[in-house]
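Student: Numbering (my numbering), first residue to last: 5 to 219.
Note that beta-carbon positions come from the ideal geometry of N, C-alpha and C, so glycine has one too.
Source: prediction; values computed, not measured.
Sharing a structure below in structure tokens format, with a few things to ask.
Right under this line is the structure:
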């Protein structure tokens, strides 16, 4: 047997070398393909995360588009959110807001999710209080809550930009188990500071005003 190995050493080493070379090539090929697969998966996830945060920025921009209502008693141009032109306009936009944020909620950062949920709480409160208000009074109410829309849109935009500035390169998704809303005390306190609730008398006056309805 020893003589056989001695006589065929070169052939044996050649076979062993070929086997090891083939094995290494297979392992290298598998590692490359596995890495490419992981990169493709991450690319898909990244695209969805980017799209979700881009949608948030678009919604924020829509919230602060204003329409002029003529001059107020101080001679300044009165403005109101465009999405409050009428009941139909507001409800269509509210539906769009809910759909876009719901579709992208899985991909949003925790910070963005919390801000989205706070804005949704505000909009639900507004929608509930507008239930019995004539459509023609929406713009008058919009004039009262104009700053709410500006501030809410600004915070939404900041939460989305924070992702692009600090987290876009991180290969880590937000944990679904993380609490996606602000603490109740924070939400209630912040809602109470909005013009919608803190200036409720003005909102009611706008809803029940004796002047002509705005159309």
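Going by C-alpha distance, which of 71, 95, 70 is nearest residue 131?
Tutor: The residue with the shortest Cα to Cα distance from residue 131 is 95.
Student: What is the DSSP secondary structure of residue 118, reduced to helix, strand or coil?
Tutor: DSSP places residue 118 in helix when its eight states are reduced to three.
Student: Measuring alpha carbon to alpha carbon, tell me which of 162, 192, 117 ends up nearest residue 65.
Tutor: Considering only alpha carbons, the answer is 162.
Student: Keeping to the same chain, check which residues put their C-beta closer than 6 Å to that of residue 156; ignore five residues upstream and five downstream.
Tutor: Contacts found: 123.
Student: Once DSSP output is grouped into helix, strand and coil, what is the label at residue 173?
Tutor: Coil, per DSSP.
Student: Figure out for me which residue from 116, 121, 68, 108 has the closest Cα to the Cα of residue 192.
Tutor: The option with the nearest alpha carbon to residue 192 is 121.
Student: Exposed or buried, residue 145, counting other C-beta atoms within 10 Å across all chains shown (16 or more means buried)?
Tutor: Its Cβ being crowded by 16 or more others within 10 Å, residue 145 is buried.
Student: Consult DSSP for residue 207 and reduce its assignment to one of helix, strand or coil.
Tutor: Here residue 207 sits in helix by DSSP.
Student: Please indicate yes or no: does the CB of residue 90 lie closer than 6 Å to some heavy atom of the ligand MG?
Tutor: The ligand MG is not part of this structure, which contains no ligands at all.
Student: Threshold first: 4 residues or longer. Then list the alpha helix (DSSP H) segments lying entirely within the segment 80-110, N to C.
Tutor: List check, alpha helix (DSSP H) in window: 91-108.
Student: Where does the unbroken alpha helix (DSSP H) through residue 162 begin, and where does it stop?
Tutor: 150-166 is the extent of the alpha helix (DSSP H) around residue 162.
Student: Please report the distance separating the alpha-carbon of residue 52 from that of residue 86.
Tutor: Going from the Cα of residue 52 to the Cα of residue 86 covers about 29 Å.
Student: Quick one: what's residue 67 bridged to in DSSP?
Tutor: Paired residue(s): none; residue 67 is not in a bridge.
Student: In angstroms with no decimal places, state the Cα-to-Cα distance between residue 158 and residue 151.
Tutor: If you take the alpha carbons of residue 158 and residue 151, they lie about 10 Å apart.
Student: Below 8 Å on the Cβ atoms is my guess for residue 184 versus residue 89; work out the distance and round it to an integer in Å.
Tutor: Not a contact, Cβ separation roughly 31 Å.
Student: Return yes when the Cβ of residue 98 is within less than 7 Å of the Cβ of residue 60, no when it is not.
Tutor: No, the Cβ-Cβ distance between residue 60 and residue 98 is not below 7 Å.
Student: Helix, strand or coil for residue 72 per DSSP?
Tutor: In the structure shown, residue 72 sits in a strand (DSSP, three-state: E or B).
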